[in-house]
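Everything below concerns the one structure shown next.
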Amino acid sequence: MKDQLEALRGAALEEIAQTADLRVLEDARVKYLGRKGRVTEILRGLAQVPAEERPAIGQIANAVKEAIGTAIDARKAGLEAEAEAHRASSEAVDLSLPGRHPRRGHMHVINQVTDEILDIFFELGFQVAAGPDVETEYYNFDSLNIRPDHPARDSHDTFFVKPGVVLRTHTSPVQMRVMERTQPPVAVVVPGRVYRVDYDASHSPMFNQIEGLLVDEGITFADLKGTLLMFIHRFFGKDTKMRLRPSFFPFTEPSAEVDISCTVCKGQGCRVCKNSGWLEILGCGMVNPEVFKYAKYDYGKYTGYAFGLGVDRIAMLRHAITSISHLYENDLRFLEQF
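Residue numbers for the sequence shown follow the numbering used here, so the first one is 453 and each next one is one higher.
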């Protein structure tokens, strides 16, 4: 048995010395020192040894266990040190390399266009007003002279949160909120998100609008036309032509659609303008006296105009963007162009 233990010690120490993997080293520990290990198997024959020899065999067995355990611990420490050195070498930072500049973000194209539009109206004395995205039917429809049977109040056009409450379909409700708490003169522009049940290449369920409202004594349609012409020339260039076409909106009377000469073909006719030479950009008109009644304004004394434009459409025209979905997909390859 003594010879077996000595032979086992030699074999174990040689195997441990040649081990190059921590998992294999753990297997060796179990193989030699585990409850069912090689040392334990040999000691099971201790009963066959004469009683007077057993203490000496026990001492040898303990010495073998200690030698194997010490060798395993030493080899484990060596392998861990090698692994740490390799990891440190592979992850080393070369301080001589040039630094990497973090990528900088920038303002979204929609916000860029919104700010540019607002700056033009700021110069004309307009102030910014804001209102909630979730709106009551009173502010979104009733106070703007939109009758209960109007198609825009149906669920195929409007998102209803609950009866009497909607996601606003335009920024016009802010007109009434401003007029309720402000006496003329009033001059505000209202940027914000609006929501409609609509989706295709040129329409999105959520998009951005800017509403404009001016109320004072002696305001005429000529003032409206002059304001919009100034805006168009500042934003699209002085060579851009403007025309007004009669239209109908419940909250303005008279009402008009505003077209500009095509920004792509300069009015010659192309695919973008459907060969008409014109592009529609906004709706406008003189504030309907019925709206002034809701605001408790003296419609015999005051007049005003209002207009509304889609920021998304303006951005698409400015940058020749083919689909409104590009504005909301957050594709950096697209956004980084602006």
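Even for Gly, the Cβ is constructed at its ideal location relative to N, Cα and C.
Since this is a predicted model, take the numbers as computed values, not measurements.
When Cβ pairs closer than 8 angstroms are counted between the two stretches, the stretch 755 to 772 is seen to touch the stretch 554 to 568, the count reaching three or more.
Within the stretch 640 to 672, there are no complete alpha helix (DSSP H) runs of at least 4 residues. Annotation for residue 704: the continuous beta strand (DSSP E) segment containing it runs 704 to 713. Our two residues, residue 479 and residue 471, have alpha carbons roughly 10 angstroms apart in a direct line. In the DSSP assignment, residue 482 falls within the alpha helix (DSSP H) that extends over 474 to 485. Taking residue 693 as reference, the option from 714, 704 and 699 with the minimal CA-CA separation is 714. Cα atoms of residue 731 and residue 711: separation of roughly 5 angstroms, rounded to the nearest angstrom. Taking 8 angstroms as the cut-off, the beta carbon of residue 782 is found no closer than this to the beta carbon of residue 702. Note that the stretch 641 to 653 touches the stretch 599 to 613; at least 3 beta-carbon pairs, one per stretch, sit closer than 8 angstroms. Taking C-beta separations shorter than 8 angstroms and ignoring five residues to either side along the sequence, the partners of residue 675 in its chain run 666 and 757, following chain order.
If one requires a minimum length of 4 residues, the alpha helix (DSSP H) runs lying completely within the stretch 505 to 557 are 506 to 542, in chain order. At the C-beta level, residue 759 and residue 664 come within 8 angstroms of one another. By DSSP's assignment, residue 697 forms a beta bridge with 709. Residue pairing from DSSP places residue 579 in a beta bridge opposite 640. Taking residue 626 as the centre and dropping the five residues before and after it, the same chain places the C-beta of 581, 583 and 642 closer than 6 angstroms to its C-beta, in chain order. In this model, residue 680 and residue 628 are separated by some 22 angstroms (Cα to Cα). In this chain, the alpha helix (DSSP H) harbouring residue 787 covers 784 to 787. DSSP places residue 623 in the coil class of the three-state scheme, outside both helix and strand.
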